[in-house]
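Residue numbers (full-length UniProt numbering): 1 to 332.
For every residue, glycine included, the Cβ atom is placed at its ideal position computed from N, Cα and C.
None of these values were measured; they are calculated from a predicted model.
Below: one structure, written as structure tokens.
Here's what the structure looks like:
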């Protein structure tokens with residue numbers, strides 16, 4: 001079954017079997033994954049996460065899907081990566097889909113090209129699971145998605161204000177959502193947001209974005225990366241969005257290190273491939289070992305779990321990505 005983003009949002013609570021999310025819209029991926037996690041928490045469904053860095057990792061995933069803890073009746077396995085199961089893995093996937101009706105396998109992948117969507121893996125998902133393409137190619141789709149975000153914030157925009165917002169952000173949904181959040185905080189008593197409200201609120205807020213942070217990190221410019229990070233924090237950027245940008249670059253670098261010939265298949269834009277290759281040449285591969293655990297610590301600190309400071313941990317991640325590690329040594 002194939003669903004779009006809005007259709008998928010409506011079916012999260014009933015999701016079982018195998019779902020695959022893929023695309024190049026970070027806002028849609030983040031929203032949908034967050035909705036799944038909230039749903040699992042509400043339903044007391046045990047959640048486990050795995051990052052796929054090699055085909056052999058799929059064996060661990062399927063072993064986990066077939067084993068529940070003593071305290072759980074349902075399990076959600078969240079998988080991130082761009083490596084599909086091999087022939088043996090596909091057998092395990094089909095077996096799981098035929099015999100396990102309660103658990104959920106949620107696979108989150110970057111944008112897939114047309115040849116990838118024709119592989120046996122996606123054919124199996126189309127026939128027996130749910131395939132969600134996270135795209136918003138048309139203005140009507142983007143406005144519909146952002147209207148949902150505006151509704152969450154309790155604001156309404158005039159029709160011409162929607163057009164201005166989209167043009168201002170050049171179809172970048174994530175940046176547009178951040179602007180909606182700023183407008184909501186600034187004009188708390190305004191019934192309908194007009195262009196003048198957007199302009200006055202956003203004209204001084206477009207200096208840096210999380211995409212600028214990603215570019216600085218890839219270039220290994222530690223000073224500029226810190227400067228952009230500090231600006232984002234000062235301007236009210238959500239820490240979760242900053243983490244998403246950093247974790248995306250870390251994931252792509254680790255995958256490219258494992259698959260140096262598959263940059264485009266990993267979802268790296270053609271004009272960005274050389275930047276990722278240069279970053280890999282600059283970095284010590286041994287530092288990769290510490291990155292996944294550091295990202296988990298940042299995520300936990302953002303959610304208020306533990307006693308660590310999220311901003312301090314993000315500084316560690318920025319330093320590590322720029323090749324200037326502070327406290328990145330792997331711990332046992």
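Does the distance from the C-beta atom of residue i to that of residue j stay below 8 Å?
i, j, result
"residue 45", "residue 75", "yes"
"residue 132", "residue 244", "no"
"residue 82", "residue 255", "yes"
"residue 253", "residue 234", "no"
"residue 32", "residue 5", "yes"
"residue 116", "residue 258", "no"
"residue 148", "residue 3", "no"
"residue 158", "residue 169", "no"
"residue 17", "residue 146", "no"
"residue 214", "residue 249", "yes"
"residue 264", "residue 272", "no"
"residue 111", "residue 267", "yes"
"residue 241", "residue 210", "yes"
Locate the alpha helix (DSSP H) running through residue i, then write down its first and last residues.
i, result
"residue 30", "26-42"
"residue 61", "57-65"
"residue 218", "210-219"
"residue 234", "222-234"
"residue 134", "Not the alpha helix (DSSP H): residue 134 falls in the beta strand (DSSP E), residues 130-134."
"residue 6", "5-10"
"residue 244", "239-258"
"residue 19", "Careful: residue 19 lies outside any alpha helix (DSSP H), inside the beta strand (DSSP E) at 17-23."
"residue 14", "Taken as a continuous stretch (DSSP letters only), residue 14 belongs to no alpha helix (DSSP H), as it is neither H nor E."
"residue 302", "291-302"
"residue 311", "310-321"
"residue 1", "Residue 1 -> no alpha helix (DSSP H), and no H or E assigned at all."
"residue 186", "173-186"
"residue 162", "159-169"
"residue 88", "87-99"
"residue 139", "139-153"
Check the C-beta distance from residue i over to residue j and give it rounded, since I have them as a contact under 8 Å.
i, j, result
"residue 144", "residue 150", "11 Å between Cβ atoms; not a contact."
"residue 65", "residue 77", "6 Å"
"residue 309", "residue 237", "In fact, because the Cβ distance is near 17 Å, the residues do not count as touching under 8 Å."
For residue i, tell me which candidate among the options has the shortest Cα-Cα distance.
i, options, result
"residue 377", "26, 67, 269, 160", "Absent from the structure is residue 377, since the part of the chain shown begins at 1 and ends at 332."
"residue 152", "234, 266, 185", "185"
"residue 223", "167, 47, 319", "319"
"residue 154", "172, 167, 176, 187", "187"
"residue 62", "210, 85, 73", "85"
"residue 57", "36, 79, 7", "79"
"residue 295", "215, 277, 135, 239", "239"
"residue 13", "1, 30, 40", "40"
"residue 182", "321, 100, 201, 103", "201"
"residue 113", "100, 103, 135, 102", "135"
"residue 323", "285, 307, 297", "285"
"residue 247", "9, 26, 103", "26"
Locate the beta strand (DSSP E) running through residue i, then write down its first and last residues.
i, result
"residue 77", "75-80"
"residue 110", "104-110"
"residue 48", "46-51"
Exercise for the section: Count the CB pairs spanning the region 138-152 and the region 113-126 that are closer than 8 Å, and state whether there are at least three. Expected result: no
Problem - Touching by the beta-carbon criterion (3+ pairs, under 8 Å), the region 313-327 and the region 286-305 - result: Three or more pairs of CB atoms, one per stretch, sit closer than 8 Å, so the region 313-327 contacts the region 286-305.
Practice task
Determine contact between the region 277-290 and the region 225-237, defined as no fewer than three beta-carbon pairs at a distance below 8 Å.
Solution key: no
Exercise for the section: Spell out a yes or no on whether the region 191-200 and the region 210-229 are touching, meaning 3 or more CB-CB pairs, one atom from each, closer than 8 Å. Expected result: no
Problem - Stretch pair the region 15-31 + the region 101-116: three plus CB contacts closer than 8 Å - result: Cβ pair count under 8 Å is three or more, so yes.
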